[in-house]
Amino acid sequence: MAKPQIKSFQSTVNLLKRIAGGTSSSTSHLFAPEQLSNLVDSIEPFIYGSTPMCEALTYALKIFSSSTDQLKVLFLISDGKSTDGDPVRFAKQLHDNNVIVFSCLLTSENISHPRRLYYEPDGRWTEAQQQMFQLSSTVENTHSAMSILLEQKWELPASGHSRLFIQANHPDVINEYSNLVQQITERNDILLNIIGRVSLDMYINVANSGFEPKLQRGGTCYAYAVAAVFHLAMRRIEGRENGVPDFSDICQKLINEYGKEGAVTKNVLNIWAPKYRLHYKEVDELGARQAVNQRRPVVATFRLDEKQWDNFSMFYKNQPQGVLESKDIGASNVGMKIDGHAIVLMKCDPTSLTFMNSWGTDFADGGFFRVRNQAVLNLQYYDVYWTLNDLKQSEIVAFTTKSNEKGQDILRNLPKSIQNLPYKCPKCHRSSPAIMFTGHLIEAECPQCQQRFKPTALGIVLNLYTL
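So in the working numbering the end of the sequence shown lands on 467, straight run, no missing numbers.
In structure tokens form, the structure reads like this:
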């Protein structure tokens with residue numbers, strides 16, 4: 001295996017120019033047979049034979065170890081098991097060098113769930129799958145970049161974290177990736193939409209994480225939990241008609257209606273969710289975790305007897321950042337008074353659930369506490385959400401406008417070379433900067449001849465490489 005060299009983007013362009021022969025047909029967006037043959041001949045030495053993954057990772061680690069860059073990313077692609085040893089031993093070294101590892105396994109095997117990320121490996125996986133999975137980095141599902149996958153209807157694990165490992169063989173998945181590249185490179189409006197959605201997703205994450213626990217008065221936990229989730233749900237609506245009601249206003253309305261001696265949280269949700277154009281549904285722990293993946297905090301309730309409440313309070317007094325387990329609460333005591341409580345599920349990870357309480361910031365970890373799983377407190381979960389049908393037209397327009405504004409801000413800071421990537425119109429055969437094309441996924445409009453056509457990913461690639 002030859003020692004790898006760092007290549008610039010321009011050098012890759014020049015290579016493909018040579019392969020393509022420097023010319024392109026004005027009537028076709030596909031490689032000519034001889035061009036395709038040249039391309040295959042050029043890459044054939046690199047795609048057949050052994051898979052010296054350990055050797056490749058050794059070279060990569062030398063590069064990363066000598067680099068002073070803060071952001072280090074390794075995109076690892078393989079079509080099978082390493083043939084020169086176990087590459088998993090490099091995982092820790094990559095992690096210690098702060099390298100983010102994306103791994104992609106190309107396989108001919110059928111994949112039952114091609115649009116799924118994992119946190120735990122599947123016991124039925126091959127050794128090659130296990131190796132690539134173990135090498136990949138872990139990321140929280142609430143990371144803003146994950147919103148792009150959510151937009152593409154990918155399934156994220158309920159653990160709250162995902163490994164950056166994918167398997168590719170399914171035609172739909174390959175087309176999906178191709179379309180995603182097409183959308184980003186060919187169409188300004190899709191580029192802005194993705195950037196805008198990620199930017200708004202970051203705002204939602206900040207809104208959720210920045211919402212501080214409140215201090216309830218009397219038996220009003222139901223009002224604090226419901227008001228918090230209602231307020232955060234409505235903050236996800238850009239340009240909400242009549243604005244987003246303040247948490248305190250919602251909370252006080254609920255207290256005025258139900259008083260300070262407690263209320264059945266489900267009944268409150270049933271009556272008040274429609275008043276704010278919201279819905280709710282009861283879900284299990286898996287459903288609650290998936291809601292949090294989708295940036296939706298979840299209302300939760302539980303009931304304990306007097307002795308269990310004492311144990312509950314004492315645990316977090318002694319271990320503010322501890323994870324509560326069933327043994328810490330103890331079994332229920334027959335005959336003792338039982339009291340219920342309402343809280344908000346804000347975050348989940350593979351080993352615990354994090355809730356926001358309403359006993360002020362002096363309780364537990366700044367007002368938040370952790371529980372091992374649903375069974376510890378016999379939790380009931382209520383997912384509060386809205387649908388597109390609930391939005392006003394002005395709110396839909398506001399979202400589109402905001403997304404474009406966010407995208408334009410970022411786009412103005414991109415290098416001109418990226419903004420001006422050429423694309424040749426198949427109608428008039430003239431090239432224009434990709435940023436100038438408008439339209440939508442099915443149909444684009446040429447800025448020169450104003451004719452409409454269906455854009456293709458290969459079209460822009462070939463024009464870029466052969467101009």
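Glycine residues also receive a C-beta, built at the ideal position from the N, C-alpha and C atoms.
query	result
Unbroken alpha helix (DSSP H) run spanning residue 268, endpoints	265-272
When 218, 244, 237, 112 are compared against residue 227, the one with the closest alpha-carbon	244
Close beta carbons around residue 97, own chain, < 8 Å, minus the five adjacent residues each side	61, 64, 65, 72
Assigned exposure category for residue 69 - 16 Cβ within 10 Å defines buried	exposed
Beta-carbon separation (whole angstroms), residue 239 vs residue 398, contact threshold 8 Å	3 Å
Contacting residues, own chain, Cβ-Cβ under 8 Å from residue 450 (five flanking each side not counted)	none
Residue 118 and residue 87 closer than 7 Å at C-beta	no
Cβ-based neighbour list, residue 379, same chain, cut-off 6 Å, excluding 5 preceding and 5 following	300, 302
Residue 228 - containing alpha helix (DSSP H), residue span	221-235
Residues that residue 140 bridges to, as DSSP identifies them	161
Neighbour-count burial assignment, residue 264, 16 or more Cβ in a 10 Å radius	exposed
From 242, 231, 74, residue whose alpha carbon lies closest to that of residue 253	231
Three or more C-beta pairs below 8 Å linking the segment 328-337 and the segment 211-224	no
Under the three-state DSSP convention, the category residue 489 falls into	With the chain represented from 1 up to 467, any question about residue 489 goes unanswered, as that position is not in the structure.
Distance between residue 267 and residue 309 (C-alpha atoms, nearest Å)	24 Å
Every unbroken alpha helix (DSSP H) inside the segment 72-100 [4 residues or more]	91-96
Anticipated Cβ contact below 8 Å, residue 295 with residue 325, distance rounded	Not quite, the Cβ-Cβ distance comes to about 28 Å (not below 8 Å), so this is no contact.
Beta-carbon proximity list for residue 77, same chain, < 6 Å, skipping 5 on both sides	104
Which listed residue (382, 137, 110) has its alpha carbon closest to that of residue 270	382
C-beta neighbour in chain D for residue 356, strict 7 Å	Looking for chain D here will not work: only one protein chain is present.
Inside the segment 331-416 only - alpha helix (DSSP H) runs reaching at least 4 residues	374-377, 393-411
Pair within 7 Å by beta-carbon distance, residue 233 and residue 384	yes
Residue 317 in three-state terms, based on DSSP	helix
Candidates 229, 286, 248, of which the one nearest residue 356 by Cα	229
Simplified DSSP assignment, three categories, for residue 167	strand
Closest Cα partner of residue 286 within the set 377, 353, 92, 396	353
Residue of 120, 136, 319, 306 minimising C-alpha distance to residue 351	120
For residue 305, three-class secondary structure by DSSP	strand
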